[in-house]
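Report on the following structure.
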Amino acid sequence: MKLLEERILRDGYVKEGNVLKVDSFLNHQIDIELYNEMGREFRRLFPGDTITKILTIEVSGIGIACVAAQYFHVPVVFARKSHSINLDDDVYTARVQSYTHKREYDIIVSRRYLTGEDNVLIIDDFLANGCAVNGLLELVRGAGATVEGVGIAIEKGFQEGGRLLRGSGIRVESLAVVESMDAATGAVTFRRT
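Here numbering that gives the first Met the number 0 is used: the first residue of the sequence shown is 0, the next is one more, and so on.
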């Protein structure tokens, strides 16, 4: 998606450790007009009418998933990273390792909101090693639901997550695939398809 690539080049920056900072428009301060275009593009990429739920993980995936859901006319379910007193005890759980936070945690979804009748589109902001998406896939499979695909805003194509997911038969559509980035120069290049 050219619009997202241009925004990354203009307002994003690279930090040591393969970290692409896009918090001025994607995951701290949010550009709603950009999100709207991303939601429209996800709908174009997944045009069928079989999707019944969009699943994401808190926190940064929620905004993108909500805007995209307007185009699919389906609810958004988000996996929580902690259990709270207002969450049912009847839940699906999966263990996830965070690339950016360098720690493991359990993600949780109430069984009331993810069932075997659901056809699920997973949406998230980043795909690097695939840990978050694999955790979400585990929740979907635990519910007996069907995975329709995975929509990613920014994929780090030089890391293995996308390749492994696609290799396992999962349809992954990324709006921008970063082929390389260099913290010393600030250079970011994108994969062309």
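Glycine residues also receive a C-beta, built at the ideal position from the N, C-alpha and C atoms. Note that this is a predicted model, so its numbers are computed, not measured.
On a Cα-Cα basis, can you pick out the residue from the options that is closest to residue i?
i      : options                           : result
Leu136 : Glu116, Ala93, Lys52 and Asp124   : Ala93
Ile169 : Ile107, Gly47, Gly150 and Glu178  : Gly150
Arg39  : Ser179, Ala68 and Leu126          : Ala68
Val13  : Leu164, Gln158, Thr184 and Ala152 : Thr184
Asp181 : Asn17, His72 and Gly148           : Asn17
Asn26  : Gly166, His72, Ile56 and Val187   : Ile56
Phe71  : Tyr91, Arg43 and Thr188           : Arg43
Glu116 : Thr51, Asp89 and Tyr91            : Thr51
Glu172 : Gly148, Arg191, Leu163 and Ala186 : Gly148
Where does residue i land, buried or exposed, given buried means 16+ other C-beta within 10 angstroms?
i      : result
Lys101 : exposed
Val58  : exposed
Gly143 : exposed
Ala78  : buried
Gly160 : buried
Gly166 : exposed
Do you know how far the Cα of residue j is from the Cα of residue i?
i      : j      : result
Gly11  : Gly129 : 21 Å
Leu113 : Val76  : 8 Å
Phe45  : Val132 : 17 Å
Lys232 : Ile106 : Since the first and last residues shown for the chain are 0 and 192, residue 232 lies out of range.
Glu193 : Gly134 : The requested residue 193 is not part of the displayed model; the chain covers only 0 to 192.
Ile63  : Glu178 : 22 Å
Kindly list the residues whose CB is nearer than 7 Å to the CB of residue i, restricted to its own chain and excluding five residues on each side of it in sequence; keep chain order.
i      : result
Phe24  : Arg6, Asp10, Asp30 and Leu33
Asp123 : Thr55, Ile56, Gly60, Ala131, Val132 and Ile151
What residues in its chain sit with their C-beta under 6 Å from that of residue i, if we drop five residues either side in the sequence?
i      : result
Gln158 : Ala127 and Asn128
Phe41  : Ala67 and Gly150
Leu2   : Glu36
Thr145 : Asn118
Arg204 : The question about residue 204 has no answer, for the chain in this structure spans 0 to 192.
Between residue i and the rest of its own chain, which residues show a CB-CB distance below 8 Å, the 5 nearest in sequence each way excluded?
i      : result
Ala175 : Met0, Leu3, Glu4, Ile7, Ala152, Ile153, Glu154 and Phe189
List in chain order: all unbroken alpha helix (DSSP H) runs of 4+ residues lying wholly within the region 93-159. Listed in chain order, they are 130-142.
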